[in-house]
Every structure is written in C-alpha cells, then in structure tokens.
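Protein chains in written order, with the numbering used here: chain C, 1 to 341; chain E, 1 to 341.
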C-alpha cells in the first residue's frame, strides 16, 4: 500500500476487509504492543489455569433499525457470537452507549428493551455500563460498544494450527442476509418476501457442536467482509488452501436477487447469525447431521474442504465456479458496505 | 422531572451528574433488566467462588489532546481506576475505536502509542479490540471504549453498607485538575503555570491501601461530576450523612484561579487520577500516613467524616464553609462540563 493512501482513515478501514486488516496489522496491533488483536482473546486470570474468553465490538450500524433486527440485539448477539466461535460459554456483558444530543428517548428505550430481550434469549447477563452524550452533529444517533466474558471449558482447543488437509468446511446457514437487509433499508428498497437480517445468538448451536471437542478444529462468524473475508483469514492463519464449491453455497433466492440489484457479491456480504466451522473429515458427516437438528442450522451446508499441501496455493481460497472454472477469493478490498454492523 | 424534559437525550445526560443518574436509574438500568449499572461489576465466573471485577467506559473527551494527557492514556487509566477502586487488580483491557472518516493516521498512531505506554505503566495487558469507521460528519475524530477485567483478592470487601458514623473521608490528591485542563484547552486559555490533567493509574496506590482490607470501607474515583457528585452518590448508597470541611479540600491555586475565571466550582470539576476513600476511624491516621508515601497521594487530605445517625440528614452531604456556615452539596445538576472524559 502506498504511503499517501494511509495518511487518513478511510471508510474502507472499517469495512472488515483488506484495508482494515492492514490498519490493524500495521498500526493498531504493533503500536498497542500486542501481537494480534483478534475478535476474542483467551485470558488466564490466574485461577488454577482456568481460561476465560474476552471480546469487544463497536456497533455503528446505520440505520439503527433494519428488517429483522436493530442495533440493540445486534450488539448483544454479535458479542455473544464472538465468544461462542472462540469455544467459550458467554456469561457476562458490558454495554457502553455514545448518544448524540437530541436522540429520542423513546428510540433509546426500544433499543434497551431489545438488548434486554436478546440477553435473556442468549442467557448472558448485562452487568456493567457507561453512557456518554456528544453534541448534535458530533455523532450519529447511537453507537453501542459491548464487551463479553465467557468461560472456556477444559478440553476445548480451537485454532488455525489444528487445521489439516481433508478437513471439511461447514457454513451453518444461508449467507448474505444481514448485509442485504441493512442495504435494502438504507436504499429504501423493499423485497417481497423481505430479506431479514439473520442476527441470532450462536451459543446454543456451538454448545451442541463442541460436545465432542476434537471434531471441530476452528470456528469463526463471517460478519463484516462476509464469508469470503473470513475464509481468507482462516487460510492465511492456518497456511492452508481452502477449496470451496460455488454450487454448495447456501445463497437464498432473495439475497441473490437483491445482490444483483445492488451490485453486491453474496460472498462479501455481512452475516450476523451464522458460523463457519472447519471440521475433521471423519467426523464431518455425523456433526453435520447433529447440526441440522438445531433451528439455526437447518440450512447448514458443507461448502468445501481443506486442500492438499501445496506451496503454490498456501493461504489461498479457491472457488470452483458453477461452470467448472476456478477463481481466487480474496478479502473484501475496500469500502463495499460501510457501517453494516 | 417533567416528562417533556425526558423526551430527548440532552448533553447533560452525559455529564455524570443528576440528569445522568436519572437516565440510568429510570431508563437504562430497568430496561436492561439490571438492578444497578455501576462503574464496575463483581462477577463470579464459576471458578470456585473466585471473583472478577468487570467494567467499561466510553471516552469522548474533546479535544483529544489536552494539557497533561490525551484520550489514549485516559481510556486506559480511567478503566484501570474503575477496577482499582472496586478493590480489584487490573489485568486485561479491550479497546474499541470508532473513528471518523478522514481522521489523520498520524494522530491515531500517537493515541495508540500513548495507550500502549499507559498500559505498560499500569501493568495491564491490552488483549482484544475492534475498529469501526463512520462517515465524515457522523462522529468527532475518535471515540474509544475500553473494558477492563481484574481479579478481586480474597478478604477484600468494599461497599457502602460497611460505612459507619465516625469513618473518615480521605481524598488522595488535589482536586479539579483534569476538568480545568480540558476546559482551558477547549477555550484557548493558557495558565502560568499550566494546570495539567491528573490522569494517572491508581492501582499502585490502591494496592498499598488495601493491604489491610478492613481499614478501607469503600473507594470511588471522582471523575465526571467531580468530588461533590461522588460524595453524594456515597451518601445516597450508604444512607449516611457525609460531613466535609471546605478548608480541608486540596484545591490547587491554579485550579482555584481557573475556576473563578471559567465560572466553575472545583467540587464539580472532573478528576482522573484521584480517589475518595471512606476509612475506619481508628485506622485513618496510619493509613493516611502510609498513603502520603505514594507519589500520587503526597497531597492527600482528610476532608471530613461520616456524621452521626440522623434521620433528617440521611443521604446528605454537608459542607462546613470557610466562614463557619453549612451548605448542602448536591450532584452536578446538568450540563456543566460536557465531554470531559
């Protein structure tokens, strides 16, 4: 990247794709003195080696209400999901509110009620909070930052180093719904039937999946940047080749149509209620059938597998297209969908 | 409060005083389904009864750089201090950044370096983070939300229920410096000598103070809303009468002069590096002399004591003025100092 491009923060630096990874890798992480600044950290508070997961996310979605959800439940489920895909059981949540002066109290109340209901549904307790108000024109209604703490059970060990050739790649549900729902609302479009955000808490599904820990090697939720960016992250972190099959991707009809209309690629559109799991080959079929019994994973799909060791394709995601060709899948390059979560 | 007054969020709802308490008490806390939404929560992750403290704070200070500090170190020390006054040892920090499009990368780097240095000084590890970017005009440069986790040692038990008549009230250092430093910068005023923010990590001082746990009954850091608001909170939560002595308040000359110029009362001006402790009467003198050995508490002062049981003054803070009168001290009523932290 050229120096000039990095002198000011661009909208694309927040879109979850390549620009954001560069910002974090080249600036945030080294300057903060941390090796990585991932979605969720595993920490050891010194209690006999017992581990906790700890995560934070800022929510700046615009508009605040969209088909199928709002910023309140999103800020609960998003953080619950970051803990869940780290293999943790979500327990405690904090909520920080940055409110623009003049924001309607009634709207704030609706968001708070939605957060409380979401926390109840996910079985997590909101225990700490903070509220700040900025002058009119210095914010945009409401920003929410939540932090989550969960416990990691003994024996659970997830990570890119466990991934091996032959492992199966599972996506737990239909892709692209959250991003399309938000973009439709933002552009004043109404689809029939409407595409609703998939925002949902994944901890129940994850609990079922990690009952037998060695089967699942790694999980991640493909939010900002979509399935493509998340797969590319997994490929880079593991140094493996991920091969996926376009025809196997569960793209709902409504998402496909909306993406054509909006000029989007469903692979890059944000999700808020699905996960990608890399699973041991010999366990994939039985895990997959157990997953299908869960309401959130009834449309789960095995979308590909980890390729054989090959120096030329290390760290790459290769998509076999419907017509039999192969396409390299990279991260979201820039600013496709700002403020999607 | 009249209904009309509550229909929109006002700047004063973020100032740390009475309006903010009403917002949290009447809206945020009940709607989130929590009994209290204090600065720091004590949580039990289920590890043999071992306790953690968990806290969050949003930082929206304007300007980002002020005499004696900047938003970066403030966002580390503020959260370290919330954990510390809860009697916890700060261990892990998360950082969420909401950045306005076009924000200079160089300024972001300065803030990040300052955060890393502050974390090093406080002995806390930054382990998780998130970055979001909003369009130009939809934010104000940079907002930071940090969350902190600390461990609470066995035997440490702090809380308003432990406060008794006769307990001494100690403030650990000079008051009003942070608020005056920010207001001076905001108004283009330069004092000679300059008043610098007191932003500093209090965990070292607190460790020294709670070596012998029964001596300290409760601690709190008087940030937004100042010493007055914090004392009033303690009075309300304990149902006691707090009696303080105007002449005993450590108000530095520079703060006094600046407050006269800016029309502020030092009792309501924010601090970011001092704490208020309620201490058992018979231990106060020895604790006070131990505190004075710490660099951050060399100007500590015993500013008053908890009054005798009296139904008429329960929950009140009474200030004995320099001329011998008595004044009731209430919370900051409204919007004296927006975006001070």
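By construction, the Cβ of each residue, glycine as well, lies at the ideal position given by its N, Cα and C atoms.
Using a 10 Å radius around the Cβ and a threshold of 16 neighbouring Cβ atoms, would you call residue i buried or exposed?
i                      : result
residue 233 of chain C : buried
residue 131 of chain C : buried
residue 200 of chain E : buried
residue 197 of chain E : buried
residue 342 of chain E : The structure shown does not extend to residue 342 of chain E, since chain E spans only 1 to 341, so no value can be given for it.
residue 99 of chain E  : buried
residue 323 of chain E : exposed
residue 53 of chain E  : buried
residue 327 of chain E : exposed
residue 281 of chain E : exposed
residue 256 of chain C : exposed
residue 217 of chain E : buried
residue 321 of chain C : exposed
residue 90 of chain C  : buried
residue 25 of chain C  : exposed
residue 273 of chain C : buried
residue 15 of chain E  : buried
residue 70 of chain E  : buried
residue 292 of chain C : exposed
residue 78 of chain C  : buried
residue 188 of chain E : exposed
residue 168 of chain E : buried
residue 348 of chain E : Shown here, chain E extends from 1 to 341; a query on residue 348 of chain E therefore has no answer.
residue 333 of chain E : exposed
residue 108 of chain C : buried
residue 72 of chain C  : buried
residue 101 of chain E : buried
residue 348 of chain C : This structure leaves residue 348 of chain C out entirely; chain C is present only between 1 and 341.
Starting from residue i, find everything on chain E with Cβ-Cβ shorter than 8 Å and list it in chain order.
i                     : result
residue 33 of chain C : 116, 119, 120, 126
residue 94 of chain C : 41, 54, 55, 56, 147
residue 7 of chain C  : 104, 105, 106
residue 20 of chain C : 131
residue 17 of chain C : Residues of chain E passing the Cβ test: none, with the nearest at roughly 12 Å.
residue 14 of chain C : 99, 131, 132, 133, 134
What does residue i touch in chain E if you count any residue whose Cβ is under 9 Å from its own?
i                      : result
residue 24 of chain C  : 129, 131
residue 143 of chain C : 58, 98, 132, 134, 139, 143, 145
residue 10 of chain C  : 101, 102, 133
Just to confirm, are residue i and residue j a CB contact at a threshold of 8 Å?
i                      : j                      : result
residue 351 of chain C : residue 129 of chain C : What is shown of chain C runs 1 to 341, which leaves residue 351 of chain C out entirely.
residue 279 of chain C : residue 210 of chain C : no
residue 241 of chain C : residue 192 of chain C : no
residue 163 of chain C : residue 227 of chain C : no
residue 180 of chain C : residue 119 of chain C : no
residue 122 of chain C : residue 31 of chain E  : no
residue 315 of chain E : residue 235 of chain E : yes
residue 87 of chain C  : residue 306 of chain C : no
residue 17 of chain E  : residue 229 of chain E : yes
residue 343 of chain C : residue 34 of chain E  : Coverage of chain C is limited to positions 1 through 341, which leaves residue 343 of chain C absent and any answer about it impossible.
residue 262 of chain C : residue 331 of chain C : no
residue 7 of chain E   : residue 219 of chain C : no
residue 206 of chain C : residue 177 of chain C : no
residue 145 of chain E : residue 55 of chain E  : no
residue 338 of chain E : residue 133 of chain C : yes
How would you list, in chain order, the residues of chain C whose beta-carbon sits under 7 Å from the beta-carbon of residue i?
i                      : result
residue 339 of chain E : 134
residue 151 of chain E : 45, 46
Which chain E residues sit within Cβ distance under 7 Å of residue i?
i                      : result
residue 173 of chain C : Result: empty, since nearest Cβ-Cβ is about 23 Å, beyond 7 Å.
residue 50 of chain C  : 47
Which chain C residues sit within Cβ distance under 9 Å of residue i?
i                      : result
residue 27 of chain E  : 105, 108, 109, 112
residue 123 of chain E : The premise fails here: residue 123 of chain E is roughly 13 Å from chain C at the closest Cβ pair, so nothing lies under 9 Å.
residue 290 of chain E : By Cβ distance, chain C contributes nothing, its closest Cβ being about 26 Å from residue 290 of chain E, past 9 Å.
Quick one: does the C-beta of residue i sit closer than 7 Å to a heavy atom of the ligand MG?
i                      : result
residue 221 of chain E : The ligand MG is not part of the structure shown, which contains no ligands of any sort.
Item to check | the segment 222 to 230 of chain E contacting the segment 281 to 290 of chain E, beta-carbon criterion three pairs below 8 Å | outcome: no
Next on the checklist: With three or more beta-carbon pairs closer than 8 Å as the criterion, would you say the segment 44 to 52 of chain E touches the segment 107 to 121 of chain E?
Outcome noted: no
Checklist entry - Between the segment 245 to 262 of chain C and the segment 11 to 27 of chain E, are three or more C-beta pairs nearer than 8 Å? => result no
Checklist entry - Are at least three pairs of beta-carbons, each pair with one atom in the segment 143 to 152 of chain E and one in the segment 69 to 83 of chain E, less than 8 Å apart? => result yes
Next on the checklist: Within 8 Å, do at least three Cβ pairs link the segment 290 to 301 of chain C to the segment 59 to 66 of chain E?
Outcome noted: no
Checklist entry - Of the residues that make up the segment 85 to 113 of chain E, which ones have a beta carbon closer than 8 Å to any beta carbon in chain C? => result 91, 92, 94, 95, 96, 97, 98, 99, 100, 101, 102, 103, 104, 105, 106, 108, 109, 112, 113
Item to check | Short-range partners of chain E found in the segment 201 to 224 of chain C, where Cβ spacing is below 8 Å | outcome: none
Checklist entry - Using a Cβ cut-off of 9 Å, which residues of the segment 155 to 189 of chain C contact any Cβ in chain E, in chain order? => result none
Item to check | Residues in the segment 309 to 325 of chain C having any Cβ partner in chain E nearer than 9 Å | outcome: none
Checklist entry - According to a CB-to-CB cut-off of less than 7 Å, which residues of the segment 248 to 270 of chain E neighbour chain C? => result none
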